[in-house]
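>
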Amino acid sequence: MQHDTHDKERNTLNIIKDKLQTNEALISKDDKGNTIVIIYQDDYHEKITDFIKNNNLTTVNNEPTKSFQRKIRNIINECQIVIPKDEKWKYVNLNTSAPTIRGLLKIHEIDSPIRPVVNWKNAPAFKLAKLFAKNLQTYLPLPYAFNVKNSVQLIDDLLKIPFDPNLQFISFDIMNMYSNVQTEDLTNIIDFMCSQHYVDNNLKHKLININPTYFQFLNTLYLQEKVLAMGSPTSSVFS
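For the sequence shown, our numbering assigns the number 4 to the initial residue and increments by one for each residue that follows.
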C-alpha cells in the first residue's frame with residue numbers, strides 16, 4: 004500500500020515537471036507567505052533583469068571569487084584578535100563559488116515585482132561574516148534608539164503611546180534596503196562607534212571589507228559598488 008502511494012506521488016511529480024518543461028515555466032515562492040507561484044521562465048527572468056537595471060549594477064568580466072578568497076584568507080590571518088590561530092580553518096570556505104540570485108514574487112503588489120534573495124552559503128566570506136555578525140553586538144552594541152529587538156518590544160512600545168481618537172499610524176517601507184545602504188556612510192558610523200567602544204583599529208578596518216557585493220544570474224556576474232551585500236550575514240546588522 005505504501006509502495007503504491009509513493010508511485011502515485013512520483014507519477015504526479017513527473018507530470019508536473021513535464022508540464023513545466025513543456026510550457027517553459029518554473030515554480031517560485033510568494034514573498035509574504037507560503038504560496039507557490041507558477042510563472043513563465045521569460046517573465047521570471049525579465050523581473051530579475053528589471054531589478055538589475057533599476058539598481059545600476061555593472062557586469063563583471065573576470066570571475067572575482069578566487070581573488071575574494073585570497074582577500075578573506077588574509078583577513079583571517081591578520082585578525083587574530085577575533086580568530087585564534089588554531090581556529091582559522093573553521094572560517095575558510097573551501098568550496099567557494101559566486102553567490103546566486105533568485106526572486107520571491109510580491110504577488111500582493113502591482114505587476115508582482117521580486118524581492119531579491121542572494122544565496123551566500125558558498126561565497127568566500129560566508130563563514131567569516133557569520134562570525135562577525137555574531138560578535139558585532141559585543142564589539143559594537145546597538146543602542147536600539149531607532150530599532151527594536153523583537154516584536155514583543157514593539158508591542159510594549161506601542162502600548163506606551165497615549166491613545167487619542169485622532170491618532171494615526173504610518174508605515175514606511177524601504178525598497179531594496181541593502182542595495183540602498185551606502186558603505187561610505189557606514190564606514191564613518193563604524194569608525195565613530197569603534198572609537199566610542201575602544202575597538203582595535205585592525206579589527207575596525209576588517210568589518211566592512213568582508214562583504215564582496217557581487218552575484219551571478221544566468222551565467223553573468225553583476226557587481227554592486229559601495230553598498231551592502233545582499234545575502235551577507237552581516238548586512239542585517241550593518242543596515
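Don't be surprised by glycine CBs; every beta carbon is placed ideally from N, CA and C.
Pick helix, strand or coil for L107, following the three-state DSSP scheme.
For this step, residue 107 is matched to residue 104 along the sequence shown. Strand at L107.
> List in chain order: all unbroken beta strand (DSSP E) runs of 3+ residues lying wholly within the region 170-223.
Within the region 170-223, the runs of beta strand (DSSP E) at least 3 residues long that lie entirely inside it are, in chain order, 217-220.
> Determine the closest residue to L97 out of R118, I79, P87, A126, with distance taken between C-alpha atoms.
Reading the sequence shown from its first residue, position 94 is the one you call residue 97. Among R118, I79, P87, A126, the Cα nearest to that of L97 belongs to A126.
> Helix or strand or just coil, what does DSSP make of A232?
Here residue 232 refers to the residue found at position 229 of the sequence shown. Looking at A232 - three-state DSSP - the assignment turns out to be coil, as it is neither helix nor strand.
> So what does Y225 bridge to, in DSSP terms?
Reading the sequence shown from its first residue, position 222 is the one you call residue 225. According to DSSP, which records beta bridges pairwise, Y225 is partnered with T62, F218.
> In the structure shown, what three-state DSSP assignment does S70 receive?
For this step, residue 70 is matched to residue 67 along the sequence shown. Helix.
> Give me the Cα-Cα distance between E2 and I55, rounded to the nearest whole angstrom.
Lying before the first or after the last residue shown, residue 2 is absent from the chain, which here runs from 4 to 242.
> Based on the DSSP output, what are the partners of P119 in its beta bridges?
Position 116 of the sequence shown, counted from the first residue, corresponds to residue 119. Paired residue(s): G106.
> Whole angstroms are fine: how far does the CA of P165 sit from the CA of S242?
The count along the sequence shown starts at 1 and reaches residue 242 at position 239. The count along the sequence shown starts at 1 and reaches residue 165 at position 162. The straight-line gap from Cα to Cα measures roughly 30 Å.
> Check the Cβ-Cβ distances between K229 and every residue of chain E, and say whether any is below 8 Å.
Absence of chain E from the displayed structure is noted, only one protein chain being present.
> Do I19 and the ligand FMN come close, with the Cβ less than 7 Å from some heavy atom?
In the structure on display, the ligand FMN does not appear, and there are no ligands present to speak of.
> From which residue to which residue does the beta strand (DSSP E) around A126 run?
Taking the first residue of the sequence shown as position 1, residue 126 is located at position 123. Where A126 is concerned, there is no enclosing beta strand (DSSP E), given that its DSSP letter is neither H nor E.
> My output table needs one value for L134: the three-state DSSP class, helix, strand or coil.
Numbered from its first residue, the sequence shown carries residue 134 at position 131. Helix, per DSSP.
> Can you tell me whether P146 is buried or exposed? The criterion is at least 16 other CB atoms within 10 Å of its CB, across all chains shown.
For the purposes of this step, residue 146 is identified with residue 143 of the sequence shown, where counting begins at 1. Using a 10 angstroms sphere on the CB of P146, the tally of other CB atoms stays under 16, which defines it as exposed.
> Mark Q227 as exposed unless 16 or more other C-beta atoms lie within 10 angstroms of its C-beta, in which case mark it buried.
The count along the sequence shown starts at 1 and reaches residue 227 at position 224. Per the 10 Å Cβ criterion, buried.
> Quick one: residues in its chain with C-beta nearer than 8 Å to the C-beta of L170, no 5 flanking neighbours on either side, listed in chain order?
In the sequence shown, counting from the first residue as 1, residue 170 sits at position 167. Excluding positions up to five away in sequence, the list reads I164.
> Could you round the C-beta distance between Y181 and S238 to whole angstroms and report it? I think they count as a contact, below 8 Å.
By one-based count along the sequence shown, residue 181 stands at place 178. By one-based count along the sequence shown, residue 238 stands at place 235. For a cut-off of 8 Å, the C-beta gap from Y181 to S238 is around 5 Å, short enough to register as a contact.
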